[in-house]
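The block underneath contains the structure these notes are about, expressed in structure tokens.
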Amino acid sequence: NAGVTQTPKFRILKIGQSMTLQCTQDMNHNYMYWYRQDPGMGLKLIYYSVGAGITDKGEVPNGYNVSRSTTEDFPLRLELAAPSQTSVYFCASSYDTGPPSAFGDGTRLSIL
Amino acid sequence: RKEVEQDPGPFNVPEGATVAFNCTYSNSASQSFFWYRQDCRKEPKLLMSVYSSGNEDGRFTAQLNRASQYISLLIRDSKLSDSATYLCVVRGNNDMRFGAGTRLTVKP
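In order, the protein sequence lines correspond to chains A and B. Per our numbering, the very first residue in the first sequence carries number 5; after that it's consecutive. Per our numbering, the very first residue in the second sequence carries number 37; after that it's consecutive.
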């Protein structure tokens, strides 16, 4: 019963490097979300997707890209890492327009 | 004005106390509302939805006031295990917006 799986759990990047945060869910959920959470703050929506082939920007999309080629996978790409992107990243999913019912464990990303 | 604003924390209460959190939202077209709890260094977990008529789930009561654009969460008979950060979530068209959270510590 995997739910939402995020990898990696931790990562340290140098400024200017790129990486992809992986997210996969096995619940056949249509909606998927990427959030970032800075210390002491709530979650800010980066990108979301309402189904395979469809993605939309959230509150803070700059510096990120996503794709949704399958229902299961929703990777988040950082092209040129910047210190401001140091955060905890959460991937979440929901079956329809209901609230995200499943979250991944989070990816703690530091950019130095 | 932030889209979703919550009571600043932290709230420190003794076991057995009743505590309430408020959350205001700016988008009058918001469609649905939720409360999540988040334990330290963990992912958020859905606590309850908030319905127009108000709803209860055990010791937890959620209410919505559309006219004043706020939702509330009341916790009765607080337990030590209720210590967490409570996040208010508001749904717009297709996205979900989270508040910054209110931290609750229940002490013996």
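The beta-carbon is built from N, C-alpha and C at its ideal position, and this holds for glycine as well.
Item                                                                                                                                                                                                    : Value
Looking at the unbroken beta strand (DSSP E) that takes in phenylalanine 78 of chain A, where does it start and where does it end?                                                                      : First-last for phenylalanine 78 of chain A: undefined, no H or E at that position.
Could you give the uninterrupted runs of the beta strand (DSSP E) lying entirely in the stretch 27-96 of chain A, keeping only those of 3 residues or more?                                             : 35-41, 47-55, 58-61, 68-70 and 80-82
Give the interface partners of serine 73 of chain A over in chain B, defined as CB-CB distance under 7 Å, in chain order.                                                                               : The contacting residues do not exist; serine 73 of chain A stays about 19 Å from chain B at best.
Which residues mark the beginning and the end of the beta strand (DSSP E) in which serine 114 of chain A is found?                                                                                      : 111-115
Rounded to whole angstroms, what is the Cα-Cα separation between glutamate 51 of chain B and alanine 65 of chain B?                                                                                     : 38 Å
Under 9 Å between beta-carbons, which chain B residues line up against aspartate 109 of chain A? List them in chain order, please.                                                                      : Lys78 and Glu79
Taking 9 Å as the threshold (C-beta atoms), are serine 53 of chain A and phenylalanine 94 of chain A in contact?                                                                                        : no
Would you say threonine 9 of chain A faces chain B, with C-beta separation under 9 Å as the test?                                                                                                       : no
Taking the straight line between their C-alpha atoms, what separation do you get for serine 85 of chain B and phenylalanine 69 of chain B?                                                              : 6 Å
Please report the Cβ distance between tyrosine 37 of chain A and leucine 49 of chain A, rounded to the nearest whole angstrom; I am assuming they are in contact, meaning their Cβ atoms lie under 8 Å. : 6 Å
Please report the distance separating the alpha-carbon of asparagine 101 of chain B from that of glutamine 21 of chain A.                                                                               : 47 Å
Pairs of beta-carbons, one from the stretch 82-97 of chain A and one from the stretch 96-111 of chain B, closer than 8 Å: are there three or more?                                                      : no
For alanine 56 of chain A, which residues of its own chain have a beta-carbon under 8 Å away from its beta-carbon, when the five flanking residues on both sides are left out?                          : Arg72, Ser73, Thr74 and Thr75
Going by C-alpha distance, which of A:Pro12, A:Asp60 and A:Gly46 is nearest threonine 28 of chain A?                                                                                                    : A:Pro12
Identify the residues that DSSP records as bridge partners of glutamine 42 of chain B: which are they?                                                                                                  : B:Cys59
Distance, Cα to Cα, leucine 3 of chain A vs glycine 7 of chain A?                                                                                                                                       : As shown, chain A starts at 5 and ends at 116. That puts residue 3 of chain A outside it, with no answer to give.
Pairs of beta-carbons, one from the stretch 69-79 of chain B and one from the stretch 120-134 of chain B, closer than 8 Å: are there three or more?                                                     : yes
Tell me which same chain residues have a C-beta within less than 6 Å of the C-beta of glutamate 63 of chain A, skipping the five on either side of it?                                                  : Lys48 and Leu49
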